[in-house]
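J.:
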Amino acid sequence: MKPPTDTDTLTAPAELAPVENPAVGIDQTAGNFSYKMDYAFDAGTGLSEDTIRYISSVKKEAPWILEFRLAALKKFFSMPLPTHWATKDLEAIDFQKIRYYLSQGQKPKRTWDEVPDDIKKTFERLGIPEQERKFLAGVEAQFDSEAAYSNIKDIVAKQGVIFVNSTEGLREHPEIFKKFFGKVIPTGDNKFSALNSAVFSGGSFIYVPKGVKVAQPLQAYFRINAENFGQFERTLIIADEGSEVVYMEGCTAPKFSTSTLHSAVVELVALKGAKIQYITVQNWANNVFNLVTKRGIAHEDAEIKWIDCNIGSRLTMKYPGVVLKGERARGEVISIALANDGQHQDTGAKMIHAANNTTSNIVAKSISVGQGRSTYRGVVHIPKHLKGCKNNTECDALLINTNSRTDTYPAITVRGDQNSTQHEASVSKVSADMIFYMQQRGLTEGQAMSLAVNGFINDLARQFPMEYSVELKRLIDLEMEGSVG
Amino acid sequence: MSTLEINNLHVSIGDKEIVKGLSLTIRSGEVHAVMGPNGTGKSTLSKAIAGHPDYTITSGDVLLDGVSILAQQADERARAGIFLAFQYPSEIPGVSIANFLRAAQQARMAEGEELDASAYYKRLYSKMDLLKIDRKFTSRAVNDGFSGGEKKRCEILQMAMLEPKFALMDETDSGLDIDALRIVADGINTMRGPNLGVLLITHYQRLLDYIVPDHVHVMYDGRIVKSGDKSLALELEAKGYDWIKKELQAATA
Chain A
22 MKPPTDTDTL TAPAELAPVE NPAVGIDQTA GNFSYKMDYA FDAGTGLSED TIRYISSVKK
82 EAPWILEFRL AALKKFFSMP LPTHWATKDL EAIDFQKIRY YLSQGQKPKR TWDEVPDDIK
142 KTFERLGIPE QERKFLAGVE AQFDSEAAYS NIKDIVAKQG VIFVNSTEGL REHPEIFKKF
202 FGKVIPTGDN KFSALNSAVF SGGSFIYVPK GVKVAQPLQA YFRINAENFG QFERTLIIAD
262 EGSEVVYMEG CTAPKFSTST LHSAVVELVA LKGAKIQYIT VQNWANNVFN LVTKRGIAHE
322 DAEIKWIDCN IGSRLTMKYP GVVLKGERAR GEVISIALAN DGQHQDTGAK MIHAANNTTS
382 NIVAKSISVG QGRSTYRGVV HIPKHLKGCK NNTECDALLI NTNSRTDTYP AITVRGDQNS
442 TQHEASVSKV SADMIFYMQQ RGLTEGQAMS LAVNGFINDL ARQFPMEYSV ELKRLIDLEM
502 EGSVG
Chain B
1277 MSTLEINNLH VSIGDKEIVK GLSLTIRSGE VHAVMGPNGT GKSTLSKAIA GHPDYTITSG
1337 DVLLDGVSIL AQQADERARA GIFLAFQYPS EIPGVSIANF LRAAQQARMA EGEELDASAY
1397 YKRLYSKMDL LKIDRKFTSR AVNDGFSGGE KKRCEILQMA MLEPKFALMD ETDSGLDIDA
1457 LRIVADGINT MRGPNLGVLL ITHYQRLLDY IVPDHVHVMY DGRIVKSGDK SLALELEAKG
1517 YDWIKKELQA ATA
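Sequence lines, in order, name chains A and B.
Here the numbering used here is used: the first residue of the first sequence is 22, the next is one more, and so on.
Here the numbering used here is used: the first residue of the second sequence is 1277, the next is one more, and so on.
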């Protein structure tokens, strides 16, 4: 680890590549830039107790958090990769070559001229405003997001809502957040939740007081922009009794992450009668392993809804879940995944029914393009002693090319005789005849493809907030454009 | 005034030759009916002209206003003014007719040019009124779960909106009951005029009771073997296709 005063200058992409290239056979130089790095707050590469102590000390954390992190690290080292059920591609991750902590002092410096033309064009096509483009390309570390965030923060603060980052949340409001932190998703839930628990930084901590209905969606987009995207972000949202909140994270612009591993943990707690809606739209660069654990607990009459859209990445493994703990609790997962060439979207949902009269709904749609592979993996559990529980699971897959692949592993366990479930799965293909039909009306092959794909997800996309569904449509247009010869 | 000229066209699917040297010229304002028994290559002819990738044109040419369209992709031909009304139109789940037609209109505009949405809807509704189509129709997904009659009506609406120079109607009457047939025929008759040339492919004469053709051609074994005016259709109806076959056999014997 470098001393905090040391300053390094990296000038060539070639020098950066070995540091952040655990994956073999992928061109890491594409999308890389040369820029100066200030190592003042950098944990260096590799993972050890020292790394953890360093992160914790930079963040000036309470001793219990350091203990939490160290215990998690042990857990992480002791757990095997889940390759007995998941893809062996996970073995390509070299945990010792990853940089686990970059502080907010880390601001990439490069000029707009250095940004490759195709990236500029992508931003343009996505309709991203000029200022934002510069931020996303790393030219500017922030635009007006700082202002936008503090604006939102101030507005909701008037209602007593706490909207801060994880470090601040644990430091300033331990009485609120400590109670649920790491309780919805225990450290040892899986190897990657253990990793996150050891090295987490960034992410949002939100508390919505009793009965408060937050009028506008809370956008992590602004908050995260204001302090750099986290790789190991940790989010905890607590909606107190009868409150309501919508949280949105991500954006459709491709993330030119300098890291190849993204592993977040998101915990939601909806107390009696509360409602939480969590919306994610993410578009990762195709060298990223995106391994995320998301789960919520819904108490009596509470409702948790995950809307999750995954595009890009080399491998995404994400199964948002809801534990339906109180009577009449409701859980829902709406998921869209798009796997292009060389990408694997392994996504799904978990619904654990733990009280009577709880209901869950899963609608998952996946699109596989070219050699892309999508997998639906789901768990629905309704034990014997419960009654009046209902589940509906729908998984639909769309294959664009004959060499695309899709798999479905729905594990639905419903015991007892007073519960019901419904499961539907379909696989469809964009047929040559359908494309010809659309071309005969004047659409190019690419336009026809994206229209077919947009039609396929249309009923789900409509549930997204307006600006997200518009971005999503544009993004699919771009993805499909590259998929035709 | 436009011309669609088919010159000694040969079309194969895989190794099998289906259209074996067919020539036909259609001008704006004309309605040509091509009749013939099943399997003589009528549908193949229309799909080959429209540019379906499964159909290989091995020789001959198709010219639109004197320019060969064979090097063009299906979508370029469509934008150039060739419209194919499908015998079996594809379903496009999740895409409303209104959005589909909007995308088709947008595709005809220059890069960077945006379709004026309100003008588009105004035009769409006026066409629907003209064709006596209910307003709710266009919010349904294209052909998704449509009856045979609804699918054909959807084709006619698309044709009305896209205003092609030439319409190739592939067995437009198939699968229609008499009421649906009348509605579709009314639609085509409404659009008939000096700016539109029509190639009407049909197996039965009954469609021609409603859409009276200027020329009738009989297709057999990949060629046009007989041409005439509308009375030829009636003659076929009375005598059946065997009459043509016998005539041909007599000629080649």
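Don't be surprised by glycine CBs; every beta carbon is placed ideally from N, CA and C.
Values in this document were obtained by computation on a predicted structure and should not be read as measured data.
(1) Rounding to the nearest angstrom, what Cα-Cα distance links B:Asn1283 and B:His1308 in this structure?
(2) Looking at the unbroken alpha helix (DSSP H) that takes in B:Ser1288, where does it start and where does it end?
(3) Taking A:Thr434 as part of the alpha helix (DSSP H), name the residues at either end of that continuous run.
(4) I want to verify the contact list: residues of chain B whose CB lies under 7 Å from the CB of A:Asp454, in sequence order.
(5) If we define contact as Cβ-Cβ less than 8 Å, is A:Thr465 a contact residue for chain B?
(6) Following the continuous beta strand (DSSP E) through A:Phe198, name the residue where it begins and the one where it ends.
(7) Between which two residues does the alpha helix (DSSP H) harbouring A:Gln252 extend?
(8) Assign B:Ala1380 to buried or exposed, taking buried as 16 or more other Cβ atoms, counted over all protein chains shown, within 10 Å of its Cβ.
(9) Using the Cα positions of A:Asp322 and A:Leu420, report the straight-line distance between them to the nearest angstrom.
(10) The beta strand (DSSP E) spanning A:Ser222 covers which residue range?
(11) Given that A:Phe512 touches chain B, what residues does it touch there, using C-beta distances under 8 Å?
(12) Determine whether the beta carbon atoms of A:Phe477 and B:Gly1370 lie at a separation below 8 Å.
(13) Scan the stretch 1395-1407 of chain B for residues whose Cβ lies nearer than 7 Å to a Cβ of chain A and list them as they occur along the chain.
(14) Go through its chain and collect everything with a Cβ distance to A:Ala358's Cβ below 6 Å, but skip five positions before and after it.
(15) Would you tell me roughly how many angstroms separate the C-alpha atoms of A:Ala247 and A:Trp305, rounded to the nearest one?
(16) Name the DSSP beta bridge partners of B:Ala1309, please?
(17) Report the partner residues of A:Met338 according to the DSSP bridge assignment.
(18) Under 8 Å, do A:Ser218 and A:Thr256 count as touching if we go by C-beta distance?
(19) Spatial neighbours of A:Ala375 within its chain, please: CB distance less than 7 Å, with the 5 preceding and 5 following residues excluded, ordered by chain position.
(20) Going along chain A in order, which residues have a C-beta closer than 9 Å to the C-beta of B:Leu1280?
(21) Cβ closer than 7 Å: which chain A residues qualify as neighbours of B:Arg1355?
(22) Where B:Glu1352 and A:Asp428 are concerned, what is the direct C-alpha to C-alpha distance, given to the nearest angstrom?
(23) Determine the contact status of A:Ser389 and A:Ala370, defining contact as a CB-CB distance below 8 Å.
(24) Three or more C-beta pairs under 8 Å: does that hold for the stretch 1310-1317 of chain B against the stretch 1334-1346 of chain B?
(25) Residues of chain B with a CB under 9 Å from the CB of A:Ala319: which are they?
(26) Based on the DSSP output, what are the partners of A:Thr442 in its beta bridges?
(27) Quick test of your reading: A:Glu415 and A:Ile373, contact by CB under 8 Å. State the CB separation rounded to the nearest angstrom.
(28) Which word fits B:Ala1386, buried or exposed, when buried means at least 16 other C-beta atoms lie within 10 angstroms of its C-beta?
(29) Rounded to the nearest angstrom, how far is the Cβ of A:Ser187 from that of A:Ser214, given a contact under 8 Å?
(30) Could you list the residues in the stretch 1427-1438 of chain B with a C-beta less than 9 Å from some C-beta on chain A, going in chain order?
(31) Can you give, in chain order, each stretch of the alpha helix (DSSP H) that sits fully within the stretch 1387-1413 of chain B and has at least 4 residues?
(32) By Cβ distance below 8 Å, which residues in the same chain neighbour B:Phe1362 in space, the five residues on each side in sequence not counted?
(33) If you run the structure through DSSP and keep just helix, strand and coil, what is A:Ala350?
(34) In the DSSP assignment, find the beta strand (DSSP E) that holds A:Thr301 and state where it starts and stops.
(35) Is A:Met372 helix, strand or coil when you go by DSSP?
(36) Do we get a CB-CB distance below 8 Å when we pair A:Leu493 with the residues of chain B?
T.: Let me spell this out:
(1) Linking B:Asn1283 to B:His1308 through their CA atoms gives a straight-line distance of about 16 Å.
(2) For B:Ser1288, there is no enclosing alpha helix (DSSP H); the enclosing beta strand (DSSP E) has its first and last residue at 1279-1289.
(3) Bounds of any alpha helix (DSSP H) do not take in A:Thr434; it lies within the beta strand (DSSP E) bounded by 426-435.
(4) Per Cβ cutoff of 7 Å: Ser1366.
(5) Output row for A:Thr465: interface = yes.
(6) Not the beta strand (DSSP E): A:Phe198 falls in the alpha helix (DSSP H), residues 195-198.
(7) In this chain, A:Gln252 is not harboured by any alpha helix (DSSP H), its DSSP state being neither H nor E.
(8) With 16 or more other Cβ atoms from the protein chains shown falling within 10 Å of its own Cβ, B:Ala1380 counts as buried.
(9) When rounded, the distance between both Cα atoms is 38 Å.
(10) Premise fails: A:Ser222 is in no beta strand (DSSP E) and is neither H nor E.
(11) Since the first and last residues shown for chain A are 22 and 506, residue 512 of chain A lies out of range.
(12) Going by beta carbons, A:Phe477 and B:Gly1370 fall inside the 8 Å limit.
(13) None of the residues of the stretch 1395-1407 of chain B has a beta carbon lying less than 7 Å from any beta carbon of chain A.
(14) Asn331, Gln366, Thr368, Ser387, Ser395, listed in sequence order.
(15) Low confidence applies to A:Ala247: its pLDDT is 37, below 50, so where it sits in the model is not reliable enough to give any reading.
(16) DSSP lists B:Leu1476, B:Val1492 as the bridge partner or partners of B:Ala1309.
(17) For A:Met338, the pairing in a beta bridge is given by DSSP as A:Leu312, A:Asp367.
(18) Cβ distance not < 8 Å, so A:Ser218 and A:Thr256 don't count as in contact.
(19) Val344, Leu345, Lys346, listed in sequence order.
(20) What B:Leu1280 touches in chain A: nothing, since even the nearest Cβ is about 15 Å away.
(21) Contacts between B:Arg1355 and chain A, judged by CB atoms closer than 7 Å, involve Gly463 in chain order.
(22) Answer to the nearest angstrom: the Cα atoms are 37 Å apart.
(23) With contacts defined as CB atoms closer than 8 Å, A:Ser389 and A:Ala370 fail to qualify as a contacting pair.
(24) Judged by Cβ distances under 8 Å, the stretch 1310-1317 of chain B makes no contact with the stretch 1334-1346 of chain B, as fewer than three pairs qualify.
(25) Per Cβ cutoff of 9 Å: no residues; A:Ala319 is ~30 Å from chain B at best.
(26) Paired residues: A:Asn412.
(27) No, A:Glu415 and A:Ile373 are not in contact; Cβ-Cβ is about 19 Å, not under 8 Å.
(28) By the 10 Å Cβ count, B:Ala1386 comes out exposed.
(29) A Cβ-Cβ distance of about 14 Å is found for the pair A:Ser187 and A:Ser214, leaving them out of contact under the 8 Å criterion.
(30) For chain A, the residues of the stretch 1427-1438 of chain B that bring a beta carbon within less than 9 Å of one of its beta carbons are Gln1434, Leu1438, in chain order.
(31) Listed in chain order, the alpha helix (DSSP H) elements of length 4 or more contained wholly in the stretch 1387-1413 of chain B are 1393-1406.
(32) Same-chain partners within the cutoff: Glu1431, Asp1446.
(33) DSSP places A:Ala350 in coil when its eight states are reduced to three.
(34) Boundaries of the beta strand (DSSP E) around A:Thr301: 296-305.
(35) Strand at A:Met372.
(36) It does not; no Cβ of chain B falls within 8 Å.
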